[in-house]
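Have a look at the structure below before the remarks.
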Amino acid sequence: MSKICIVTGASRGLGRGIALTLAREEGCKVYATARNGDALNALAEEAADGAGSGSVEACVLDQSDDDAVKAFVGEVNSRESRVDLLVNSAFGGL
């Protein structure tokens, strides 16, 4: 059974690298969130093209929108019985 992971801020930088590594090298199912849907879709395609057995689900999410976050959590809860790892890499700026 693969581990279920959520990685926020996964469209670029550290979040993207972590999401890709979890999917490709650890065989995890990764729910990757960010505001940039095109970048998330590219990440999901790159993960699918790799040799690993994991996957990336691209989930457009603005973490500053409480209702959107609640809807995302509800969607993950409806699909999965657990979440094994949460990586908070989203950055809203200072």
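Going by our numbering, the sequence shown runs without a break in its numbering and finishes at 240. Where is the CB? At the ideal position from N, CA and C, for every residue including glycine. Note that the coordinates shown come from a computational prediction; the quantities given were computed from them, not determined experimentally.
Boundaries (first-last residue) of the alpha helix (DSSP H) holding ALA236:
Mapped onto the sequence shown, residue 236 falls at position 90. The continuous stretches of alpha helix (DSSP H) do not include ALA236, and DSSP gives it neither H nor E.
Return helix, strand or coil for VAL229, following the three-state DSSP convention.
For the purposes of this step, residue 229 is identified with residue 83 of the sequence shown, where counting begins at 1. DSSP places VAL229 in coil when its eight states are reduced to three.
For ALA188, decide whether its Cβ has a neighbour in chain B, counting only Cβ atoms nearer than 7 Å.
Protein chains in the displayed structure number just one, and chain B is not present.
Extent of the continuous beta strand (DSSP E) to which ALA204 belongs
For the purposes of this step, residue 204 is identified with residue 58 of the sequence shown, where counting begins at 1. It spans 201-206 - the beta strand (DSSP E) in which ALA204 sits, taken as one unbroken run.
Residue burial classification, LEU186 (beta-carbon count within 10 angstroms, cutoff 16)
In the sequence shown, residue 186 corresponds to position 40, counting from 1. With 16 or more other CB atoms across the displayed protein chains lying within 10 angstroms of its CB, LEU186 is buried.
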